[in-house]
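Q:
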Amino acid sequence: MILQLITSFIASAMFCILFNTPRRTLLQCGISGMLGWLVYLLLDPHWKSVVATFFATVVVGVVSQIFARSFKIPVIIFSVGGIIPLVPGGLAYDAMRRFVEDDYTNALQAAVQALLLSGAIATGLVLSEVLGQMFRRSKS
Amino acid sequence: MNNAESGTTYEIIDLCLLAGKIMLQNGAETYRVEDTMTRMAAALGFPGAHSYVTPTVIMFTTSRTEQPKLFRIEERTTDLQKVAEVNDISRCLSQRQITSAQARERLALVDDAAHAYPAWIQIMAAALAGGCFTIIFKGSVWDALPALFVSGLGYASVVYLQRLVQIKFFAELTASALIGLLSFLFVQAGIGAETDKIIIGSVMPLVPGLLITNAVRDLMAGHLISGLSKGAEAFLTAFAIGTGIGLVLSFVS
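Have a look at this one:
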């Protein structure tokens with residue numbers, strides 16, 4: 006568990022280097038990635054992975070909004086790093102590989118799962134944005 | 043600020059297009075590009091400006107009577123530092139902290155700036171990310187070590203090949219074939235236990251997970267063309283990687 010958290014932190018921060026985010030935001034990117042993965046790990050055994058991904062993304066989104074507010078930097082910089090461990094890149098690759106290997110049943114299953122997961126991430130991000138807007142409006 | 047102060051209409055359109063171009067080329071979301079361009083135009087005295095942004099083209103017009111201007115985007119990378127800087131410039135412009143001439147100067151600087159990190163740091167980052175992903179996907183630490191090397195080499199080869207062949211699909215296909223081959227060789231040599239875990243960690247820096255998510259998000263926001271074209275790009279990349287790995291594995295096993 007601890008190992009998972011450390012690796013998710015490093016993976017998110019390293020991906021932010023690949024995306025050329027400003028140097029001073031790397032730590033925050035890692036933190037948002039780690040928090041998202043923590044929520045996912047806690048929820049995954051009890052609910053379906055789509056639900057776990059959704060809630061993890063909402064957490065990432067809210068954390069990114071807070072960081073974005075306090076650093077006056079677009080939200081995307083923090084949310085990109087945060088969702089990296091959750092994003093179904095591995096599944097998309099798996100689906101394609103199975104298609105290439107003529108294993109259509111499992112390929113379709115993986116492809117649909119990848120699509121649902123990315124739908125969950127997108128919904129989670131939009132929801133956290135809406136929450137952020139509501140919070141700002143209630144304050145002003 | 044009136045028109046005489048901020049330059050001719052042509053110059054203002056050019057300024058907004060430059061800002062939009064930099065953002066779109068470096069991976070900003072569709073709605074952010076549109077929003078920034080119309081806000082900048084409003085700050086310069088054109089409140090009724092419209093922009094239409096897809097991943098390959100920007101169209102922009104300042105009023106109903108003005109002819110729309112078009113800008114073609116040919117290459118796209120992800121450089122979020124530039125997105126953040128353009129965002130900052132547009133905010134300063136809206137708050138009247140800088141003039142349009144200063145904004146143009148700063149935008150030109152951002153446009154010409156090199157990537158924030160040199161290539162070797164990026165390759166090291168890809169290597170570390172790949173190793174970590176092997177552990178995240180429940181591989182053992184012994185699988186993470188070869189993944190460290192394989193993902194670094196894989197990322198380096200995709201960067202180098204893309205300069206060489208210009209066609210992204212073939213660069214990705216070759217790089218992932220290399221990843222598959224190296225992972226297989228490592229396991230054969232007794233370093234690492236599961237080829238699958240090493241491969242899946244190593245391809246993570248290449249896979250378009252983020253593009254897929256962005257595509258779905260664009261579709262939800264009603265940017266249908268952007269969503270579909272990002273989806274197509276993501277599909278092609280995933281296809282290239284799957285084919286590369288599949289090819290090698292069908293030969294060696």
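Residue numbers (our numbering), protein chains in the order written: chain A, 6 to 145; chain B, 43 to 295.
Glycine is no exception: its CB is placed at the ideal position from the N, C-alpha and C atoms.
Because the structure is a prediction, the values reported are computed rather than measured.
(1) Buried or exposed for Lys63/B, please, with buried defined as at least 16 other CB atoms from any protein chain shown within 10 angstroms of its CB.
(2) If you measure between the beta carbons of Leu130/A and Ser84/A, is that distance less than 9 Å?
(3) So does the region 236-251 of chain B actually touch the region 180-194 of chain B, counting three or more Cβ pairs closer than 8 Å?
(4) To the nearest angstrom, how far is the alpha carbon of Ala280/B from that of Val95/B?
(5) Need the endpoints of the beta strand (DSSP E) that Val125/B sits in, please.
(6) DSSP puts Thr103/B in a beta bridge; with which residues?
(7) Do we get a CB-CB distance below 9 Å when we pair Leu250/B with the residues of chain A?
(8) Are any of the Cβ atoms in chain D nearer than 9 Å to that of Cys174/B?
(9) Whole angstroms is fine: what's the gap from Ser199/B's alpha carbon to Ala219/B's?
(10) Measuring alpha carbon to alpha carbon, tell me which residue in Gly69/B, Pro97/B and Tyr159/B is nearest Val128/B.
(11) Would you mind telling me which residues of chain B sit closer than 8 Å to Gln9/A, beta carbon to beta carbon, in chain order?
(12) How would you write the range of the alpha helix (DSSP H) that Phe211/B sits in, first residue to last?
(13) Can you tell me where the alpha helix (DSSP H) holding Leu195/B begins and where it ends?
(14) Over what stretch of residues does the beta strand (DSSP E) that includes Phe113/B continue unbroken?
(15) Spell out whether any CB of chain B is found under 9 Å from the CB atom of Ala119/A.
(16) Suppose the cutoff is 6 Å on Cβ atoms and the five residues either side in sequence are ignored; what does the same chain contact list for Leu31/A look like?
(17) Following the continuous alpha helix (DSSP H) through Gln84/B, name the residue where it begins and the one where it ends.
(18) Within the continuous alpha helix (DSSP H) that includes Leu121/A, where are the two ends?
(19) What separation, rounded to the nearest whole angstrom, lies between the Cα atoms of Arg106/B and Leu59/B?
(20) Using a Cβ-Cβ cutoff of less than 7 Å, which residues in the same chain neighbour Leu289/B once the five nearest sequence positions on both sides are dropped?
(21) Could you please give the first and the last residue of the uninterrupted alpha helix (DSSP H) stretch that includes Gly234/B?
(22) Please check the pair Ala16/A and Ala171/B, which I expect to be a contact at CB under 8 Å, by giving their CB distance rounded to whole angstroms.
(23) Taking any Cβ of chain A, which residues in the region 104-131 of chain B have a Cβ under 7 Å from it, in chain order?
(24) For Glu275/B, which of helix, strand or coil comes out of DSSP?
(25) Quick check on DSSP: helix, strand or coil for Glu108/B?
(26) Comparing C-alpha positions only, which one of Val80/A, Thr26/A and Ala97/A sits nearest to Ala167/B?
(27) Would DSSP call Gly155/B helix, strand or coil?
(28) To be precise: take each residue of the region 121-139 of chain A, compare its Cβ to all Cβ atoms of chain B, and keep it if any distance is under 8 Å. Which residues remain?
(29) Just the Cα atoms here: how many angstroms apart are Arg74/B and Ile267/B?
(30) Closer than 7 Å by beta-carbon distance: list the chain A residues that pair up with Ala274/B, in chain order.
(31) Checking contacts by CB at 9 Å: is Ile209/B closer than that to chain A?
(32) Taking Phe20/A as the query, report the chain B residues whose CB atoms sit under 7 Å from its CB, ordered along the chain.
(33) Identify, in the order they occur along the chain, each residue of the same chain with its Cβ nearer than 6 Å to the Cβ of Phe72/A, setting aside the five sequence neighbours on each side.
(34) Could you check where the alpha helix (DSSP H) with Thr50/B kicks off and where it finishes?
(35) By alpha-carbon positions, which one of Leu122/B, Leu227/B and Ile254/B ends up nearest to Ile78/A?
(36) What does the Cβ neighbour count give for Leu291/B, buried or exposed, with the cut at 16 atoms within 10 Å?
A: This is what the structure holds:
(1) One-based indexing of the second sequence puts residue 63/B at position 21. The residue is buried, with at least 16 neighbouring Cβ atoms inside 10 Å.
(2) Counted from its first residue, the first sequence places residue 130/A at position 125. Counted from its first residue, the first sequence places residue 84/A at position 79. Against a cut-off of 9 Å, the Cβ pair of Ser84/A and Leu130/A comes out as a contact.
(3) yes
(4) As a working mapping, residue 280/B is identified with position 238 in the second sequence. As a working mapping, residue 95/B is identified with position 53 in the second sequence. Cα to Cα, Ala280/B sits roughly 25 Å from Val95/B.
(5) Taking the first residue of the second sequence as position 1, residue 125/B is located at position 83. Taken as a continuous stretch (DSSP letters only), Val125/B belongs to no beta strand (DSSP E), being part of the alpha helix (DSSP H) at Leu122 to Ser136.
(6) For the purposes of this step, residue 103/B is taken as the residue at position 61 of the second sequence. Thr103/B is bridged to His92/B.
(7) Taking the second sequence and counting its residues from 1, one reaches residue 250/B at position 208. Contrary to the premise, residue 250/B reads as Pro rather than Leu in this sequence. With 9 Å as the cut-off, Pro250/B counts as an interface residue toward chain A.
(8) The structure shown contains no chain D; its protein chains are A and B.
(9) Here residue 199/B refers to the residue found at position 157 when the second sequence is read from its first residue. Here residue 219/B refers to the residue found at position 177 when the second sequence is read from its first residue. Near 11 Å, if we compare the C-alpha coordinates of Ala219/B and Ser199/B.
(10) Mapped onto the second sequence, residue 128/B falls at position 86. Answer by Cα proximity: Gly69/B.
(11) Mapped onto the first sequence, residue 9/A falls at position 4. The contacting residues are Ile177 and Ile178.
(12) Position 169 of the second sequence, counted from the start, is the residue given in the question as residue 211/B. Segment Lys210 to Gln230, the alpha helix (DSSP H) holding Phe211/B.
(13) Mapped onto the second sequence, residue 195/B falls at position 153. Counting along the chain, the alpha helix (DSSP H) containing Leu195/B begins and ends at Val183 to Val207.
(14) By 1-based counting over the second sequence, the position of residue 113/B is 71. Taken as a continuous stretch (DSSP letters only), the beta strand (DSSP E) holding Phe113/B covers Lys111 to Arg114.
(15) Numbered from 1 along the first sequence, position 114 holds the residue referred to as residue 119/A. It does: the Cβ of Ala119/A has a partner Cβ on chain B nearer than 9 Å.
(16) Residue 31/A sits at position 26 when you count from the first residue of the first sequence. Here the set comprises Ala18 and Cys21.
(17) Residue mapping note: residue 84/B aligns to position 42 of the second sequence, counting from 1. Just to set this straight, residue 84/B is Ala in the shown sequence, not Gln. That run of the alpha helix (DSSP H) goes Thr72 to Ala85.
(18) Here residue 121/A refers to the residue found at position 116 of the first sequence. Looking at the DSSP string, the run of the alpha helix (DSSP H) that includes Leu121/A is Tyr109 to Lys144.
(19) The residue you call residue 106/B lines up with position 64 of the second sequence. The residue you call residue 59/B lines up with position 17 of the second sequence. Using only the alpha carbons, I get a separation of about 17 Å.
(20) Position 247 of the second sequence, counted from the first residue, corresponds to residue 289/B. The answer, listed in chain order, is Ala219.
(21) Stepping through the second sequence from its first residue, residue 234/B is reached at position 192. It is not in any alpha helix (DSSP H) - Gly234/B carries neither H nor E in the DSSP assignment.
(22) Position 11 of the first sequence, counted from the first residue, corresponds to residue 16/A. Position 129 of the second sequence, counted from the first residue, corresponds to residue 171/B. So it is a contact: roughly 5 Å between Cβ atoms.
(23) Thr120, Asp121, Leu122, Gln123, Val125, Ala126 and Asn129
(24) In the second sequence, counting from the first residue as 1, residue 275/B sits at position 233. Correct three-state label for Glu275/B: helix.
(25) The count along the second sequence starts at 1 and reaches residue 108/B at position 66. Three-state DSSP puts Glu108/B in coil, outside helix and strand.
(26) In the second sequence, counting from the first residue as 1, residue 167/B sits at position 125. Checking every option, the nearest Cα to that of Ala167/B belongs to Thr26/A.
(27) As a working mapping, residue 155/B is identified with position 113 in the second sequence. The displayed chain sequence assigns Ala, not Gly, to residue 155/B. In this structure, Ala155/B counts as coil in the three-state DSSP scheme.
(28) Ser123, Gly124, Ile126, Ala127, Thr128, Leu130 and Val131
(29) Taking the first residue of the second sequence as position 1, residue 74/B is located at position 32. Taking the first residue of the second sequence as position 1, residue 267/B is located at position 225. Computed Cα separation, rounded: 16 Å.
(30) Counting from 1 along the second sequence, the entry for residue 274/B is found at position 232. Simply none; closest approach about 13 Å.
(31) Residue numbering aside, residue 209/B sits at position 167 when the second sequence is read from its first letter. Chain A, which has no Cβ nearer than 9 Å to the Cβ of Ile209/B, makes this no.
(32) Indexing the first sequence from 1 puts residue 20/A at position 15. Result: Ala171.
(33) As a first step, residue 72/A must be located in the first sequence, where it is residue number 67. Gln33 and Phe83.
(34) Locating residue 50/B in the second sequence gives position 8, counting from the first residue. Counting along the chain, Thr50/B falls outside any alpha helix (DSSP H), and DSSP gives it neither H nor E.
(35) On the first sequence, position 73 is the one that residue 78/A refers to. The residue with the shortest Cα to Cα distance from Ile78/A is Leu122/B.
(36) On the second sequence, position 249 is the one that residue 291/B refers to. Burial call: buried.
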